[in-house]
Amino acid sequence: HGHGIYNYTSGKTYAGEWKDNTQTGRGVCTFASGDIYKGQWENFKKHGKGTFCFSNGDKYVGHYENDYEHGNGQYIRADGTVHYTGEWANGKPKSRQSWLRRHSSLRRQSWLRR
815 HGHGIYNYTS GKTYAGEWKD NTQTGRGVCT FASGDIYKGQ WENFKKHGKG
865 TFCFSNGDKY VGHYENDYEH GNGQYIRADG TVHYTGEWAN GKPKSRQSWL
915 RRHSSLRRQS WLRR
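Following the numbering used here, the numbering of the sequence shown begins with 815 at its first residue and continues without gaps.
Encoded structure:
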């Protein structure tokens with residue numbers, strides 16, 4: 815138990831709480847792509863409340879379950895425009911079809927990339 819920093823060979827870095835040699839608790843993970851997640855972890859997965867900042871400036875603020883956006887959350891574009899607020903399930907907005915119709919000009923669907 816405690817705090818620590820681990821640099822992965824993939825280029826990502828985790829700084830935060832550890833429990834039984836797993837990323838569990840609060841922490842910050844910086845990915846090789848420049849994306850950053852700050853929030854709660856459970857057994858190496860994003861789980862609980864957190865903020866994921868994409869390298870392009872977009873961000874998701876809300877809840878995670880088992881490494882996916884799940885529960886109440888908000889997707890915000892880099893320019894500050896809120897594109898979706900509401901329920902998410904397994905990394906996707908629950909009302910995804912209506913969201914895509916309203917924002918058909920949005921070509922990049924960040925929550926779909928893994």
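Backbone N, C-alpha and C fix where the C-beta goes; we use that ideal spot for every residue, glycine too.
Pair within 7 angstroms by beta-carbon distance, K852 and D881: no
Rounded C-alpha distance that separates G830 from T823: 18 angstroms
Candidates G818, V842, N870, K908, of which the one nearest E883 by Cα: K908
Buried or exposed by the 16-neighbour rule on C-beta atoms within 10 Å, applied to G841: buried
Sheet register partners of F866 (DSSP bridge): Y851, Y874
Limits of the unbroken beta strand (DSSP E) element including G816: 816-821
Per-residue DSSP class, three states only, for R891: Coil, per DSSP.
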